[in-house]
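Undergrad: The structure's right below; bear with me while I get my questions together.
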Amino acid sequence: LQARREQLPLLPYDGGMAEQATERIALARQLRSALDQGEFELHYQPIRRVADGRVVALEALLRWRHEGRMVSPAVFVPLAEASGLIVPIGCWVLEQAARCHARLGERALGGVSIAVNVSAVQLLGDTLTSVVRQVQREYALSPGALHVELTESVVLRQPQTARARMLELREAGVSISIDDFGTGFSSMAYLRDLPLDYLKIDRSFVQGVHADERNASICRALIALAHGLGLGTIAEGVEQPEELDWLRANGCDQAQGYLLGRPAPLAEVLDAISSAGA
Ligand code: C2E
Ligand code: MG
Ligand code: MG
Ligand code: MG
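Residue numbers (full-length UniProt numbering): 706 to 983.
Below, the structure written as structure tokens:
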């Protein structure tokens, strides 16, 4: 036993670690009531066609306003996934996204789709497609109005189930992108075999792409790979005009980032889009 104990990895003690764990547990508890308390909101970030800057989609990004501050989705989405709360929260997101699309129609922006991030728990559960169909009916959405973003890990966890769900979504007129591509276990087999429409190139590869030969190589390869497989490409996290110029010169289809519009409440985004005439 003594020997076994000595084999245990020694974690360096970090006073902040215990505090962070306690904070997480508290947040996880408070997350339970957040939906009923109306503490969630969606912000929307434009995705633009690189060739002419036209807005082709809005990505819905979840925000939690809790006790006077905004909690980052990077913190609470994993907590919501671990507790299963992401399922009811995800339903709320889909309904809001559908409602948002209905408002786009009023502004003659009916051709702009809403991209919703979907977690593994949601995709692999058995209610996603029926919820999608329900909100499509309720808000009289056209096919193509909703778009779903999945991460690599989602798809790799249970490829057969993921594939079946993705086919159902496609059947319902929902297009699908693979988010943050290149940051996880980027499997070529699933790119080939799964019903995908777009590959989103992770921000870490887009950053400084005009000046960084390594990132440029990766982006060129990803664009060629996607196009070769019949997928569109969306660059994430575009912050500098030089990055956008590079993406245009290298045939990337769509882009998103602070340079092209920050995530904001729908009314603000609509005003910005309308006043820019795109
Ligand atoms: P994501 O889907 O990859 O979303 C892109 C993230 O990059 C967003 O962070 C966005 O605000 C940020 N971003 C956009 N442009 C730029 C830029 O130019 N520079 C920089 N530095 N960042 C940029 P956010 O809103 O904090 O969301 C983080 C992640 O949380 C999302 O990553 C997504 O994985 C997850 N998430 C957000 N909303 C939802 C949701 O409704 N459901 C689920 N399951 N996950 C969500
Ligand atoms: Mg996303
Ligand atoms: Mg992303
Ligand atoms: Mg990301």
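No residue lacks a Cβ here, since even glycine has one placed at the ideal position from N, Cα and C.
For clarity, every value in this text was computed on a predicted model and none was experimentally measured.
Since residue 857 and residue 883 are thought to touch, with beta carbons under 8 Å apart, how far apart are those beta carbons, to the nearest angstrom?
TA: For this step, residue 857 is matched to residue 152 along the sequence shown. For this step, residue 883 is matched to residue 178 along the sequence shown. Residue 857 to residue 883, Cβ: 6 Å. Contact.
Undergrad: Exposed or buried, residue 795, counting other C-beta atoms within 10 Å across all chains shown (16 or more means buried)?
TA: Start at 1 with the first residue of the sequence shown, and residue 795 comes out as number 90. Buried, by the Cβ-count rule.
Undergrad: Under a criterion of Cβ closer than 7 Å to any non-hydrogen atom of ligand 2, which residues qualify, in chain order?
TA: Per the Cβ criterion, the list is 764, 820, 822, 854, 884, 905.
Undergrad: Note down, in chain order, each residue of its chain lying with its Cβ closer than 8 Å to the Cβ of residue 980, except the 5 sequence neighbours on either side.
TA: On the sequence shown, position 275 is the one that residue 980 refers to. So no residue of the chain qualifies.
Undergrad: Quick one: give me the first and last residue of the beta strand (DSSP E) that residue 760 is part of.
TA: To locate residue 760, count along the sequence shown from 1; it is residue 55. It spans 760–771 - the beta strand (DSSP E) in which residue 760 sits, taken as one unbroken run.
Undergrad: Between residue 809 and the rest of its own chain, which residues show a CB-CB distance below 7 Å, the 5 nearest in sequence each way excluded?
TA: For the purposes of this step, residue 809 is taken as the residue at position 104 of the sequence shown. So the qualifying residues of the chain are 815, 817.
Undergrad: Identify every run of the beta strand (DSSP E) within the region 891–928, keeping only runs that are complete inside it and at least 3 residues long; order them along the chain.
TA: Those beta strand (DSSP E) runs which fall completely within the region 891–928 and span 3+ residues are 903–906.
Undergrad: For residue 754 and residue 950, which I take to be in contact (beta-carbon distance under 8 Å), what is that distance rounded to the nearest angstrom?
TA: As a working mapping, residue 754 is identified with position 49 in the sequence shown. As a working mapping, residue 950 is identified with position 245 in the sequence shown. With a Cβ gap of about 15 Å, residue 754 and residue 950 do not count as contacting.
Undergrad: Does DSSP classify residue 850 as helix, strand or coil?
TA: Here residue 850 corresponds to residue number 145 of the sequence shown, with the count starting at 1. Of the three classes helix, strand and coil, the one that applies to residue 850 here is coil, per DSSP.
Undergrad: Would you call the CB atoms of residue 912 and residue 941 closer than 7 Å?
TA: Against the sequence shown, residue 912 aligns to sequence position 207. Against the sequence shown, residue 941 aligns to sequence position 236. No. Outside cutoff.
Undergrad: Do residue 895 and residue 860 have their beta-carbon atoms positioned less than 7 Å apart in this structure?
TA: Numbered from its first residue, the sequence shown carries residue 860 at position 155. Numbered from its first residue, the sequence shown carries residue 895 at position 190. Result yes, Cβ atoms of residue 860 and residue 895 sit closer than 7 Å.
Undergrad: To the nearest angstrom, report how far apart residue 721 and residue 900 are at their CA atoms.
TA: Here residue 721 refers to the residue found at position 16 when the sequence shown is read from its first residue. Here residue 900 refers to the residue found at position 195 when the sequence shown is read from its first residue. Cα to Cα, residue 721 sits roughly 44 Å from residue 900.
Undergrad: Tell me which residues share the same chain as residue 931 and place their Cβ nearer than 6 Å to its Cβ, disregarding the 5 neighbours each side in the sequence.
TA: Along the sequence shown, one-based indexing puts residue 931 at 226. Cβ neighbours of residue 931 beyond the five flanking positions: 904, 938.
Undergrad: Following a CB-centred definition, is residue 944 positioned closer than 6 Å to any heavy atom of ligand 3?
TA: By 1-based counting over the sequence shown, the position of residue 944 is 239. Residue 944 Cβ: outside cutoff for every heavy atom of ligand 3.
Undergrad: Quick one: measure Cβ to Cβ for residue 747 and residue 827, integer angstroms, because I've assumed they're closer than 8 Å.
TA: Taking the sequence shown and counting its residues from 1, the one referred to as residue 747 is at position 42. Taking the sequence shown and counting its residues from 1, the one referred to as residue 827 is at position 122. About 16 Å; that fails the 8 Å criterion.
Undergrad: If I measure Cβ to Cβ from residue 964 and keep anything under 8 Å in the same chain, skipping five residues before and after, which residues do I get?
TA: The residue labelled residue 964 in the question sits at position 259 within the sequence shown. Hits under 8 Å: 943, 944, 945, 946, 948, 949.
Undergrad: Is the CB-CB distance between residue 910 and residue 889 below 7 Å?
TA: For the purposes of this step, residue 910 is identified with residue 205 of the sequence shown, where counting begins at 1. For the purposes of this step, residue 889 is identified with residue 184 of the sequence shown, where counting begins at 1. Cβ distance not < 7 Å, so residue 910 and residue 889 don't count as in contact.
Undergrad: Mind checking whether the beta-carbon of residue 941 lies closer than 6 Å to any heavy atom of ligand 6?
TA: Ligand 6 is not part of the structure shown, which contains ligand 1, ligand 2, ligand 3 and ligand 4 as its ligands.
Undergrad: Put residue 750 into one of helix, strand or coil per three-state DSSP.
TA: For the purposes of this step, residue 750 is taken as residue 45 along the sequence shown, with counting starting at 1. It is a strand residue.
Undergrad: Under three-state DSSP, which class holds residue 880?
TA: Here residue 880 is taken as the residue at index 175 of the sequence shown, counted from 1. Strand.
Undergrad: Would you please state the rounded distance, in angstroms, between the beta carbons of residue 870 and residue 846? I believe it to be under 8 Å.
TA: Locating residue 870 in the sequence shown gives position 165, where the first residue counts as 1. Locating residue 846 in the sequence shown gives position 141, where the first residue counts as 1. The Cβ separation is near 19 Å, so there is no contact.
Undergrad: Check whether the Cβ of residue 911 sits closer than 6 Å to any heavy atom of ligand 1, and report yes or no.
TA: As a first step, residue 911 must be located in the sequence shown, where it is residue number 206. It does not: the Cβ of residue 911 is nowhere closer than 6 Å to a heavy atom of ligand 1.
Undergrad: Following a CB-centred definition, is residue 766 positioned closer than 6 Å to any heavy atom of ligand 1?
TA: Start at 1 with the first residue of the sequence shown, and residue 766 comes out as number 61. Because some heavy atom of ligand 1 lies under 6 Å away, the Cβ of residue 766 counts as near it: yes.
Undergrad: Start and end of the alpha helix (DSSP H) containing residue 937?
TA: Walking along the sequence shown from the start, residue 937 turns up at place 232. First-last for residue 937: 937–940, but that is the beta strand (DSSP E), not the alpha helix (DSSP H).
Undergrad: Beta-carbon separation of residue 765 and residue 819 under 7 Å?
TA: For the purposes of this step, residue 765 is identified with residue 60 of the sequence shown, where counting begins at 1. For the purposes of this step, residue 819 is identified with residue 114 of the sequence shown, where counting begins at 1. Contact: yes.
Undergrad: Mind checking which residues open and close the beta strand (DSSP E) that includes residue 838?
TA: As a first step, residue 838 must be located in the sequence shown, where it is residue number 133. Premise fails: residue 838 lies in the alpha helix (DSSP H), 833–843, not in any beta strand (DSSP E).
Undergrad: Going straight from the alpha carbon of residue 806 to that of residue 760, what length do you get?
TA: On the sequence shown, position 101 is the one that residue 806 refers to. On the sequence shown, position 55 is the one that residue 760 refers to. Taking the straight line joining both Cα atoms gives about 14 Å.
Undergrad: Go ahead and label residue 972 buried or exposed: buried means 16 or more other beta carbons lie within 10 angstroms of its beta carbon, across all protein chains shown.
TA: In the sequence shown, the residue the question calls residue 972 occupies position 267. Its Cβ having fewer than 16 others within 10 Å, residue 972 is exposed.
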